[in-house]
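Visitor: Sharing a structure below in structure tokens format, with a few things to ask.
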Amino acid sequence: MDNFPVVVQADASLPNYSQENTFLMRPNTDGDSPPTEKVGTDFDSRMMQRCLELARRALGRTSPNPLVGAVIVKDGEIVGEGFHPRAGEPHAEVFALKAAGVRAQGATIYVSLEPCNHYGRTPPCSEALVKAGVAKVVVGMVDPNPLVAGGGIARLRAAGIEVLVGVEQEACRQLNEGFVHRILYKRPLGILKYAMTLDGKIATTSGHSAWVTSQDSRTEVHQLRAACDAVIVGGNTVRLDNPYLTSHQVGAHNPLRVVMSRRLNLPENAHLWQTADAPTLVLTEEGANPDFQQLLFKQGVEVVELASLTPDRAMAYLYERGFCSVLWECGSTLAASAIAQGAVQKVLAFIAPKIIGGSIAPTPVGDLGFTTMTQALSLERVRWRVIGSDCLVEGYFPQTSRA
Ligand SMILES: Nc1nc(O)c(N)c(N[C@@H]2O[C@H](COP(=O)(O)O)[C@@H](O)[C@H]2O)n1
Ligand SMILES: [Zn+2]
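Each residue of the sequence shown is one higher than the one before, starting from 0 at the first, in numbering that gives the first Met the number 0.
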């Protein structure tokens, strides 16, 4: 627990979005944020909001790629729409161009992320837009991917196309905060979520924790899972709570369910390996409990042995697997070590108007070794809202540089 402050470094040459991205957050209504200058007309904003609506149709399914939507407008009417469904498939712009056909000529395309200008899994959208003869491109945000990073905009302008950048920029960044974090920090965005009572307890002294919060909050958590690539728990949570960790929504994405367990001293009949609704991955250490590994293997559960099992190693591994966002739904000990190792950037605390009392019932974050209040970790960009009878407080740990 000695490697504070929380974090990893971005390439200093990249744009710094770290102060501005939020995940699944509602617009700030507290009036404290500096007003950002509006870019474009109200019509531009409406079209960009439509792009974001389209982009959200692929929620949880595009990593390592971003969520992107595109709308083509000719003579004030939408003539084509598209969104990026998953990595390896065409980009949003290509779907919109296909839908518009010849009507794309002389039209305006709205796209929530700068058109790409490189050959990746797919060819550059900038060239497709030039070829289609669009007259204007309205961009939500510049792509932080160093392979793009302004190059798409430059290519379009060089071809004589008018480009407007920054329409509904904040909303575009919010939608892709996991993607942006992944690009800048080479790790998935770590989100710690917990539910606690008004006196800060996540369970009773006997360990009973169902249900701390209301059904409305639980539905919110299900939506959050649908937007994340993975959800992580420790062995203790599997033993005590036997969770499902799915999004419980018909047709919605289910995250990869990840269990961190050094010794694999886990129950044989846990829901995680007995339900096929979502894939499960168990992260462990080399040589751990071969018999149990065999049992998991027979139940279709993937087991990966890491040289040492720590939150940062787990996040590094999930980054390599192409993930943008990881939800920590673990108990207090793992939560403390995930925070200490910089594996958590965002905290979502669901607070129920209940009191458990006492000093033994568990709290959401274990010992961080602090002895004075000056050591307490402060969150920034804090917001709150009421969900049913509960309150959700959200905030971010400050990002510091290790460069
Ligand atoms: N503008 C835009 N629209 C989309 O629909 C996209 N998916 C992207 N993605 C950008 O391109 C990179 C991926 O390229 P490939 O899918 O491998 O060809 C991704 O990292 C983004 O920078 N952009
Ligand atoms: Zn593209």
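By construction, the Cβ of each residue, glycine as well, lies at the ideal position given by its N, Cα and C atoms. Just so we're clear, the structure is a prediction, and the values are computed from it rather than from any experiment.
1) Quick test of your reading: Leu128 and Val136, contact by CB under 8 Å. State the CB separation rounded to the nearest angstrom.
2) Under 6 Å Cβ to Cβ from Ser336, same chain only, skipping five residues before and after it: list those, please.
3) Taking just the CA atoms, how far does Ser324 sit from Asn20?
4) Report, in whole angstroms, the separation of the C-beta atoms of Gly299 and Ser260, which I expect to be a contact under 8 Å.
5) For a test of the three-state rule: what should DSSP assign to Val300, helix, strand or coil?
6) So does the stretch 234 to 247 actually touch the stretch 205 to 222, counting three or more Cβ pairs closer than 8 Å?
7) Bridge partners for Asp389 per DSSP, in chain order?
8) From Lys37 to Arg382, what does the alpha carbon distance come to, in whole angstroms?
9) Using C-beta distances below 6 Å, list every residue in its chain close to Leu244, excluding the 5 sequence neighbours before and after it, in chain order.
10) Less than 7 Å between the CB of Arg416 and some heavy atom of ligand 1, yes or no?
11) Cβ of Gly159 within 8 Å of Cβ of Met47?
12) Can you tell me whether Cys50 sits near ligand 2, meaning its C-beta is under 7 Å from at least one heavy atom of the ligand?
13) Are the CB atoms of Ala287 and Asn253 nearer to each other than 8 Å?
14) Would you call Val67 buried or exposed, if buried means 16 or more other Cβ atoms sit within 10 Å of its Cβ?
15) Which residue from Gln374, Ala339, Glu113 puts its Cα closest to that of Leu146?
16) Taking Ala86 as the reference, which of Thr371, Leu333, Arg320 has the closest Cα?
17) Straight-line CA distance for Ser62 to Val303?
18) Use the C-beta contact count for Asn116: other C-beta atoms within 10 angstroms, 16 or more gives buried, fewer gives exposed.
19) In the DSSP assignment, what residue or residues form a beta bridge with Phe349?
20) If you measure from the CB of Glu126, is any heavy atom of ligand 2 nearer than 7 Å?
21) For Phe42, report the span of its alpha helix (DSSP H) as first-last.
22) Quick one: what does DSSP say Val141 is sitting in, helix, strand or coil?
23) Leaving aside the five residues before and after Thr204 along the sequence, list all residues of the same chain whose C-beta is less than 7 Å from its C-beta, in chain order.
24) Contact defined as beta carbons within less than 8 Å: I believe Ala69 pairs with Glu52. What is the distance between those atoms, to the nearest angstrom?
25) Leaving out five residues before and five after Gly30 in sequence, what residues of the same chain have Cβ atoms less than 6 Å from its Cβ?
26) Do you know whose CA, among Ala251, Arg120, Leu174, Lys73, lies nearest His90's CA?
27) In the DSSP assignment, find the unbroken beta strand (DSSP E) run with Ser260 in it and report its ends.
28) Assign Phe396 to one of two classes, buried (16 or more other C-beta atoms within 10 Å of its C-beta) or exposed (fewer than that).
29) Between the stretch 376 to 394 and the stretch 339 to 348, can you find at least three pairs of beta-carbon atoms closer than 8 Å?
Guide: Answer, in terms of the structure:
1) Looking up residue 128 in the sequence shown gives position 129. Looking up residue 136 in the sequence shown gives position 137. Confirmed, about 6 Å.
2) Within the sequence shown, numbered from 1, the residue matching residue 336 stands at position 337. Within the same chain, Ser336 has close Cβ partners Pro310.
3) Position 21 of the sequence shown, counting from 1, holds the residue named residue 20. Position 325 of the sequence shown, counting from 1, holds the residue named residue 324. For Asn20, the pLDDT reaches just 31, beneath the cut-off of 50, and the residue's location in the model is therefore unreliable, although a value from the coordinates is still provided. Roughly 13 Å separates the two Cα atoms.
4) Here residue 299 is taken as the residue at index 300 of the sequence shown, counted from 1. Here residue 260 is taken as the residue at index 261 of the sequence shown, counted from 1. Contact doesn't hold; Cβ gap of about 17 Å is too wide.
5) Counting from one through the sequence shown, the residue named residue 300 turns up at place 301. Correct three-state label for Val300: coil.
6) Yes, since at least three Cβ pairs between the stretch 234 to 247 and the stretch 205 to 222 fall closer than 8 Å, the two stretches touch.
7) Along the sequence shown, read from residue 1 onward, the residue named residue 389 stands at position 390. Paired residue(s): Ile386.
8) Here the question's residue 37 lines up with position 38 in the sequence shown. Here the question's residue 382 lines up with position 383 in the sequence shown. Taking the straight line joining both Cα atoms gives about 22 Å.
9) Translated into positions along the sequence shown, residue 244 becomes position 245. Cβ neighbours of Leu244 beyond the five flanking positions: Val230, Arg256.
10) For residue 416 there is no data in the structure shown, the boundaries of the chain being 0 and 402.
11) Position 160 of the sequence shown, counted from the start, is the residue given in the question as residue 159. Position 48 of the sequence shown, counted from the start, is the residue given in the question as residue 47. No; because the gap between Cβ atoms is not below 8 Å, this pair is not in contact.
12) Within the sequence shown, the letter at position 51 stands for residue 50. No - ligand 2 has no heavy atom lying nearer than 7 Å to the Cβ of Cys50.
13) Start at 1 with the first residue of the sequence shown, and residue 287 comes out as number 288. Start at 1 with the first residue of the sequence shown, and residue 253 comes out as number 254. No; because the gap between Cβ atoms is not below 8 Å, this pair is not in contact.
14) Here the question's residue 67 lines up with position 68 in the sequence shown. A residue is called buried when at least 16 other Cβ atoms come within 10 angstroms of its Cβ; Val67 meets this threshold and is buried.
15) Locating residue 146 in the sequence shown gives position 147, where the first residue counts as 1. Ranking Gln374, Ala339, Glu113 by Cα distance to Leu146 puts Glu113 first.
16) Counted from its first residue, the sequence shown places residue 86 at position 87. Of Thr371, Leu333, Arg320, the residue nearest in Cα terms is Arg320.
17) Along the sequence shown, read from residue 1 onward, the residue named residue 62 stands at position 63. Along the sequence shown, read from residue 1 onward, the residue named residue 303 stands at position 304. Going by the C-alpha atoms only, they are around 20 Å apart.
18) Against the sequence shown, residue 116 aligns to sequence position 117. Asn116 should be labelled buried.
19) On the sequence shown, position 350 is the one that residue 349 refers to. Paired residue(s): Ala194, Leu391.
20) Numbered from 1 along the sequence shown, position 127 holds the residue referred to as residue 126. Result no, Cβ not under 7 Å from ligand 2.
21) Numbered from its first residue, the sequence shown carries residue 42 at position 43. Element bounds for Phe42: 41 to 54.
22) For the purposes of this step, residue 141 is identified with residue 142 of the sequence shown, where counting begins at 1. Assignment of Val141 by DSSP, reduced to helix, strand and coil, places it in the coil class.
23) As a position in the sequence shown, residue 204 is number 205, starting the count at 1. Once the five neighbours on either side are set aside, the close Cβ partners of Thr204 are Gly357, Ile359, Ala360.
24) Against the sequence shown, residue 69 aligns to sequence position 70. Against the sequence shown, residue 52 aligns to sequence position 53. That pair is no contact at about 12 Å.
25) On the sequence shown, residue 30 is found 31 positions in, with the first residue counted as 1. Low local confidence applies: a pLDDT of 37 at Gly30 is under 50, so the model's placement there is unreliable, and no value is given.
26) Here residue 90 refers to the residue found at position 91 when the sequence shown is read from its first residue. Its Cα nearest to that of His90, the residue Arg120 stands out among Ala251, Arg120, Leu174, Lys73.
27) Position 261 of the sequence shown, counting from 1, holds the residue named residue 260. No beta strand (DSSP E) contains Ser260, which DSSP labels as neither H nor E.
28) Here the question's residue 396 lines up with position 397 in the sequence shown. That one is buried.
29) yes
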